[in-house]
Ligand code: CP
Ligand code: NVA
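This is the structure:
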């Protein structure tokens, strides 16, 4: 259960945006995970009755869309799906106008799009919280669920090592930043041409330094996963990179999260994947379905982590 200090720290999230994992402090991140765990176990009851979340999704989504919708329903609120293809957003209405109009109707916006600058523009113009529901740069809601899953498996997070193998993408970036805040050592194993963004790496290293952990980029898959407590992978071609799919499959040969790589990790290691997964490419079918896999618990945790986030941003505590 949460301490009074943790509840005070969550109260300070009211009205804020979540555009990057680094928008949260270490204390806020830890408090959100504790609240998510409490909500999952039914140890706390919270409400957002009558509150409305707008979803503006310019990319496909199963987990994020449904988990946000169910989270709001369970809290007594509701969601309006503002898919750009059925709103004026898709016909070119400026973000500055859309954000100001929607701020008069709904209580928060979750935006899934390509450029990080776009969610930043929504946040600039909106007077309500804006949540990054995935951009090309980050996926902060995913990282909260991921570290909740790691916490459930091992208890305390500081000192654990999470190894991400694959493309240094949006998911990797948020894992690096959020892990650094939580005192987790994060290793990104990737081919040299697919390394994480240099500015994100630098920021993650600063945050890790403050928490006594380490963020590394390693260009050898075995060295990247050795002794790790969690092995994580994601698609090699993200949304928007469909045309690079074949070239990427060639570039990532030897980077499949398979039984041989898993054998190099800590014997208690868990396997994570944000999903959707492509068996036989970034992950073997055996590892995906094996006893170390926590991918479906991880997907479930999107719901609990986002319930905690919504309650904090919308002041439902
Ligand atoms: N992991 C994730 O964000 O899944 P969706 O793309 O289905 O939302
Ligand atoms: N990196 C992937 C994550 C999907 C949830 C993408 O952006 O497509």
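In the numbering used here, the protein residues as written are 15 to 331. All C-beta atoms, glycine included, are put in the ideal place defined by N, C-alpha and C. Remember, predicted model here, so these are calculated numbers, not experimental data.
Taking the C-beta atoms as reference points, residue 69 is found no nearer than 8 Å to residue 47.
Look at residue 142 here: in three-state DSSP terms it is coil, with no helix or strand label.
Straight-line measurement puts the Cα of residue 106 at about 31 Å from the Cα of residue 316.
A heavy atom of the ligand NVA is found nearer than 7 Å to the CB of residue 184.
Non-local beta-carbon contacts of residue 109 in its own chain, meaning distances under 7 Å to residues more than five positions away in sequence, involve 132, 135, 136, 139 in chain order.
Per DSSP, reduced to three states, the secondary structure at residue 283 is coil, with no helix or strand assignment. For the 8 Å CB-CB criterion, residue 24 and residue 53 do not form a contact. With fewer than 16 neighbouring CB atoms inside 10 Å of its own CB, residue 223 falls in the exposed class.
The criterion of a C-beta distance shorter than 8 Å is satisfied by residue 323 and residue 32. For the segment 172 to 240, the continuous alpha helix (DSSP H) assignments of 4+ residues that do not extend past its boundaries occur at 184 to 195, 212 to 225, 235 to 239, in sequence order. The C-beta distance from residue 192 to residue 167 rounds to 16 Å, too long to fall under 8 Å, and the pair is not in contact. Assignment of residue 95 by DSSP, reduced to helix, strand and coil, places it in the strand class. Of 146, 161, 207, the smallest CA-CA separation from residue 184 is found for 146. Residue 247: member of the beta strand (DSSP E) spanning 244 to 247, first to last residue.
Beta-bridge annotation (DSSP): residue 308 is not paired with any residue. Taking C-alpha positions only, residue 258 is separated from residue 246 by approximately 22 Å. Taken through DSSP and simplified to helix, strand or coil, residue 55 comes out as coil. Between the ligand CP and the CB of residue 77, the shortest heavy atom gap is smaller than 7 Å. Distances from the CB of residue 57 to the heavy atoms of the ligand CP are all 7 Å or more. Secondary structure at residue 148: coil, using DSSP grouped into helix, strand and coil. The closest CA to that of residue 181, considering only 209, 39, 37, is found on 209. Taking C-alpha positions only, residue 104 is separated from residue 72 by approximately 9 Å. Contact holds between the segment 231 to 247 and the segment 268 to 286, because three or more Cβ pairs, one in each stretch, are under 8 Å apart.
The Cβ-Cβ distance between residue 227 and residue 201 does not fall below 8 Å.
As a beta-bridge residue in DSSP terms, residue 126 pairs with 71. Taking 8 Å as the cut-off, the beta carbon of residue 289 is found closer than this to the beta carbon of residue 313.
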